[in-house]
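Residue 154 is where the sequence shown starts when you use our numbering, and the numbers rise one by one after that. To start, the structure itself, in structure tokens.
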Amino acid sequence: MMRKSQPNKTAKTKSLEQFQVDAGEQLTTNQGVVVDNTDNSLKAGNRGSSLQEDFHFQEKLSHFDRERIPERVVHARGAGAHGYFQVYKPLTEYSKAQFLQDSSIQTPVFARFSTVAGSRGSGDSVRDVRGFAVKFYTQEGNYDLVGNNIPVFFIQDAIKFPDIVHSIKPEPDNEIPQASTAHPSFWDFISLVPESTHMIMWLLSDRTLPRSFSRMQGFGVHTYRLVNAEGKSRFVKFHWKPILGVHSLVFDEAQKLAGKDPDFQRRDLWESIEKGNYPEFELGVQIIEEEDEHKFDFDILDSTKLIPEELVPVRAIGKMVLNRNPDNFFAETEQVAFQPSNVVPGIDFSDDPLLQGRLFSYHDTQLHRLGSSNFVNLPINRPVCPFHNNQQDGRMQMGVKTSRVNYYPNALGGGQPAPSETEGYVHYPERVEGHKIRERSPGFGEHFSQATLFWNSLSAFEQEHLVEAAYFELGKVEDQGVRERMVDRLNHVDHELAKRVAIGIGVTAPTQSIMPNHGQSSPALSQNALAVKTGKGRKVAILAANGVEAEQVTAIKQALTEAGAEGLIVSKFLGSIESATGEILKVDQTFLTSASVMFDAVYVPDGTQSIEILKANGDAISFINEAFLHCKAIAATGEGVELLKESNISNITFSEDSLQDDQGVISAKMSSSLSAVAKSFVEAIAEHRFWSRRIQPKVPA
Numbered sequence: 154m155m156r157k158s159q160p161n162k163t164a165k166t167k168s169l170e171q172f173q174v175d176a177g178e179q180l181t182t183n184q185g186v187v188v189d190n191t192d193n194s195l196k197a198g199n200r201g202s203s204l205q206e207d208f209h210f211q212e213k214l215s216h217f218d219r220e221r222i223p224e225r226v227v228h229a230r231g232a233g234a235h236g237y238f239q240v241y242k243p244l245t246e247y248s249k250a251q252f253l254q255d256s257s258i259q260t261p262v263f264a265r266f267s268t269v270a271g272s273r274g275s276g277d278s279v280r281d282v283r284g285f286a287v288k289f290y291t292q293e294g295n296y297d298l299v300g301n302n303i304p305v306f307f308i309q310d311a312i313k314f315p316d317i318v319h320s321i322k323p324e325p326d327n328e329i330p331q332a333s334t335a336h337p338s339f340w341d342f343i344s345l346v347p348e349s350t351h352m353i354m355w356l357l358s359d360r361t362l363p364r365s366f367s368r369m370q371g372f373g374v375h376t377y378r379l380v381n382a383e384g385k386s387r388f389v390k391f392h393w394k395p396i397l398g399v400h401s402l403v404f405d406e407a408q409k410l411a412g413k414d415p416d417f418q419r420r421d422l423w424e425s426i427e428k429g430n431y432p433e434f435e436l437g438v439q440i441i442e443e444e445d446e447h448k449f450d451f452d453i454l455d456s457t458k459l460i461p462e463e464l465v466p467v468r469a470i471g472k473m474v475l476n477r478n479p480d481n482f483f484a485e486t487e488q489v490a491f492q493p494s495n496v497v498p499g500i501d502f503s504d505d506p507l508l509q510g511r512l513f514s515y516h517d518t519q520l521h522r523l524g525s526s527n528f529v530n531l532p533i534n535r536p537v538c539p540f541h542n543n544q545q546d547g548r549m550q551m552g553v554k555t556s557r558v559n560y561y562p563n564a565l566g567g568g569q570p571a572p573s574e575t576e577g578y579v580h581y582p583e584r585v586e587g588h589k590i591r592e593r594s595p596g597f598g599e600h601f602s603q604a605t606l607f608w609n610s611l612s613a614f615e616q617e618h619l620v621e622a623a624y625f626e627l628g629k630v631e632d633q634g635v636r637e638r639m640v641d642r643l644n645h646v647d648h649e650l651a652k653r654v655a656i657g658i659g660v661t662a663p664t665q666s667i668m669p670n671h672g673q674s675s676p677a678l679s680q681n682a683l684a685v686k687t688g689k690g691r692k693v694a695i696l697a698a699n700g701v702e703a704e705q706v707t708a709i710k711q712a713l714t715e716a717g718a719e720g721l722i723v724s725k726f727l728g729s730i731e732s733a734t735g736e737i738l739k740v741d742q743t744f745l746t747s748a749s750v751m752f753d754a755v756y757v758p759d760g761t762q763s764i765e766i767l768k769a770n771g772d773a774i775s776f777i778n779e780a781f782l783h784c785k786a787i788a789a790t791g792e793g794v795e796l797l798k799e800s801n802i803s804n805i806t807f808s809e810d811s812l813q814d815d816q817g818v819i820s821a822k823m824s825s826s827l828s829a830v831a832k833s834f835v836e837a838i839a840e841h842r843f844w845s846r847r848i849q850p851k852v853p854a
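Next comes the structure, spelled out in structure tokens:
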């Protein structure tokens with residue numbers, strides 16, 4: 154694929170260029186010695202023993218044997234991109250961080266999106282929490298905002314982090330299952346840990362099946378502090394909101410994509426940037442005055458809780474644009490080291506016990522994974538501002554430090570602390586006192602109210618998806634006691650929810666509620682309320698064969714392009730097809746190499762010969778059935794309508810002449826209606842799904 158022209162270079166892009174290495178004209182060893190043969194090792198005769206003196210063989214194989222570094226224990230599977238962040242207007246009132254002061258400055262960033270549970274080789278589309286980490290290369294040093302696409306977490310205290318991760322990961326006796334929480338040990342743990350209930354509701358929801366990285370929210374999860382130049386502190390929660398809105402796959406799609414294209418989401422990110430469809434996210438903040446810390450009926454330091462936007466609105470403060478793909482996955486995406494402890498003046502920590510544990514654990518992880526305390530010298534991790542310290546030596550020290558001193562105090566060289574507190578990082582002087590005890594704040598003791606709030610906030614189809622997810626997940630748990638405990642746990646959230654889940658997993662339904670549903674909801678928690686009606690970035694399959702009407706294909710493609718979408722011709726064989734009027738049309742994908750789950754919508758153009766060929770192709774019929782089952786927009790014109798009639802689409806009225814639009818299925822037998830079809834089709838694609846079809850008889854697909 155040809156790359157589009159690159160955007161203006163950021164300071165980080167320029168700093169990385171000095172480390173770039175081209176392939177070169179001739180192959181050499183690491184020492185620069187030209188290699189004349191890399192196909193055969195050095196031998197004593199062409200059938201003799203290999204010789205120990207073969208330094209090229211030794212170097213090549215020893216490097217290969219050491220190419221892998223330990224993968225991340227969690228968030229191993231990821232994809233990243235470069236870009237920039239730009240604040241909308243100075244945030245001086247709240248923070249002295251320089252990158253938040255000037256709306257004309259574009260701060261370089263590197264963002265990494267990931268799944269939590271799976272290994273590096275697992276699929277992108279599995280049901281899982283997604284990591285959402287951003288490294289800001291500011292002029293005051295690197296700032297890392299390391300979060301997830303879910304605003305809460307499983308546990309309240311970091312000391313339980315090894316337990317939750319061990320339960321999520323494949324079971325130690327058989328290393329099964331991969332990248333899935335649908336197994337006994339996970340649900341055994343969850344059923345015994347009430348504080349996880351809120352997070353489990355999110356895990357079972359559509360939030361853990363994002364359509365793409367560019368269509369999912371991000372959250373800092375924890376409560377942090379913003380500190381201004383006068384030293385005034387306020388608490389803050391961070392939010393990333395995608396410009397394209399929040400959309401998800403359905404579970405059947407996600408499962409099929411894991412086989413059809415396990416790289417679906419990372420491919421989407423890469424291709425979107427290459428085509429100039431840059432992912433964009435607004436950074437928002439919820440700011441809480443210190444004097445309001447205890448005004449809520451939950452503790453803002455509890456990471457299993459969120460602050461409803463109805464109580465504290467999210468204020469958009471800037472935008473992140475991801476506009477450049479990495480040049481080398483390992484050097485950048487794999488070696489990037491995120492740490493919540495990487496902060497700049499104006500941003501500080503709260504006493505959240507989960508956050509406090511992460512401040513240690515992430516740095517400790519990088520020391521192990523990257524093999525040296527000098528990991529900051531790796532190009533992707535280097536700040537764009539100058540950095541100096543007295544830390545010399547160590548494995549892989551890449552700087553040739555010329556100072557004679559590596560200690561403080563000293564009078565023989567530099568390496569002095571800032572002369573005043575105004576120039577250096579100063580921790581907020583929070584007053585702390587108390588006895589050393591292993592206890593939690595009483596404010597951390599309530600675990601179900603926000604889980605109920607989340608359930609109440611979901612639309613009917615989102616609730617249905619959550620219940621079906623519980624059927625799948627708990628259906629993989631053979632232990633009856635675990636399933637019964639989970640139904641009891643859900644009965645603390647909502648009685649009807651518990652009864653619905655119990656029916657599907659072979660557990661006696663509870664006869665009465667444990668806690669009454671408080672009836673409160675928050676519209677911002679429903680993905681349905683966060684949808685943005687746009688066709689931008691959508692992919693549309695155009696089903697065609699020889700004899701297709703080229704004029705209709707061209708017209709629909711043009712309409713899609715104008716809407717920011719893309720139309721791709723799918724046929725039986727790769728290469729080209731000939732239209733009814735002799736035009737040669739390039740085939741982009743085949744029925745064998747693609748599937749409807751890789752597209753957002755389907756269009757069938759006119760052409761008697763084309764339609765007859767497609768009618769005889771079971772893959773084409775299945776393509777349409779599956780798209781209909783997944784509630785996607787479908788359009789057909791002319792004889793294309795007859796192909797839809799050959800499918801198992803039910804309870805839909807098709808056109809007999811002019812335009813007909815029924816639940817996102819758009820048809821027109823008359824070619825004169827093409828412009829109207831294109832307009833209605835683009836509008837239907839922007840709707841994303843037509844959930845009313847879910848109540849219809851199941852379509853075989």
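Every residue gets a Cβ at the ideal spot worked out from N, C-alpha and C, and that includes glycine. Every value quoted in this text rests on a predicted model; they were computed, and no experiment measured them.
Can you tell me the Cα-Cα spacing of residue i and residue j, whole angstroms?
{"i": "S194", "j": "F266", "result": "42 Å"}
{"i": "S401", "j": "V818", "result": "20 Å"}
{"i": "L436", "j": "K725", "result": "45 Å"}
{"i": "W608", "j": "Q762", "result": "51 Å"}
{"i": "G198", "j": "D480", "result": "42 Å"}
{"i": "G271", "j": "G720", "result": "32 Å"}
{"i": "N113", "j": "K458", "result": "With the chain running from 154 to 854 in the structure shown, residue 113 is simply not present."}
{"i": "K832", "j": "A788", "result": "11 Å"}
{"i": "Q887", "j": "L619", "result": "Given a span of 154 to 854 for the chain in the structure shown, any question on residue 887 remains unanswerable."}
{"i": "D421", "j": "A684", "result": "19 Å"}
{"i": "S367", "j": "S358", "result": "18 Å"}
{"i": "L512", "j": "S386", "result": "20 Å"}
{"i": "Q852", "j": "I802", "result": "Reading the sequence as shown, one finds Val at residue 852 and not Gln. Approximately 7 Å, taken between the alpha carbons."}
{"i": "F307", "j": "H351", "result": "8 Å"}
{"i": "E809", "j": "D759", "result": "14 Å"}
{"i": "N346", "j": "I590", "result": "Per the sequence presented here, residue 346 reads as Val, with Asn not at that position. The straight-line gap from Cα to Cα measures roughly 21 Å."}
{"i": "H336", "j": "G577", "result": "49 Å"}
{"i": "E328", "j": "E704", "result": "54 Å"}
{"i": "A286", "j": "D341", "result": "30 Å"}
{"i": "H447", "j": "I222", "result": "45 Å"}
{"i": "S215", "j": "P432", "result": "40 Å"}
{"i": "D416", "j": "A234", "result": "15 Å"}
{"i": "E246", "j": "N381", "result": "6 Å"}
Pick out whichever of the options has its Cα sitting closest to the Cα of residue i.
{"i": "D772", "options": "H648, F752, V852, A748", "result": "A748"}
{"i": "D277", "options": "G412, D341, V646, S556", "result": "G412"}
{"i": "L782", "options": "D281, T734, F306, A854", "result": "A854"}
{"i": "E779", "options": "I441, T486, L797, E702", "result": "L797"}
{"i": "N430", "options": "S800, E715, Q439, S514", "result": "E715"}
{"i": "F482", "options": "E212, G231, T790, I774", "result": "G231"}
{"i": "V186", "options": "N644, L169, H209, F834", "result": "H209"}
{"i": "A712", "options": "Q569, F238, F834, E485", "result": "F834"}
{"i": "V227", "options": "P323, E809, D255, S808", "result": "P323"}
{"i": "G728", "options": "V740, I764, L650", "result": "V740"}
{"i": "V723", "options": "E704, A733, I656, A754", "result": "A754"}
{"i": "R280", "options": "Q545, F289, L356", "result": "L356"}
{"i": "P669", "options": "L650, N681, I470, N527", "result": "L650"}
Who are the near neighbours of residue i in its chain, counting only those whose CB is closer than 7 Å to its CB and skipping five residues on each side?
{"i": "C538", "result": "Q292, E293, G294"}
{"i": "I353", "result": "I343"}
Who pairs with residue i in a beta bridge, going by DSSP?
{"i": "D297", "result": "K288"}
{"i": "Y377", "result": "V389, F502"}
{"i": "P853", "result": "Paired residues: none, contrary to the question."}
{"i": "Y237", "result": "P261, V474"}
{"i": "S367", "result": "Answer is none; S367 lacks a bridge partner."}
Go through its chain and collect everything with a Cβ distance to residue i's Cβ below 8 Å, but skip five positions before and after it.
{"i": "E731", "result": "N699, G700, I737, L738"}
{"i": "G524", "result": "I222, R548, M549"}
For the ligand FAD, is there a heavy atom less than 7 Å away from the beta-carbon of residue i?
{"i": "Q813", "result": "No copy of the ligand FAD occurs in the structure displayed, which carries no ligand at all."}
Return the chain-ordered ranges of every beta strand (DSSP E) run that is complete within the stretch 380-420 and spans a minimum of 3 residues. Correct list: 386-395.
Counting only runs of 4+ residues fully inside the stretch 409-477, write out the alpha helix (DSSP H) ranges in chain order. Counting only runs of 4 or more, we get 417-427.
Contained alpha helix (DSSP H) runs [length at least 4] in the stretch 574-608, N- to C-terminal order: Runs of the alpha helix (DSSP H) inside the stretch 574-608: none found.
Enumerated in chain order, which unbroken segments of the beta strand (DSSP E) with a length of 3 residues or greater are wholly contained in the stretch 779-829? Here the runs fully enclosed are 786-790, 813-815, 818-821.
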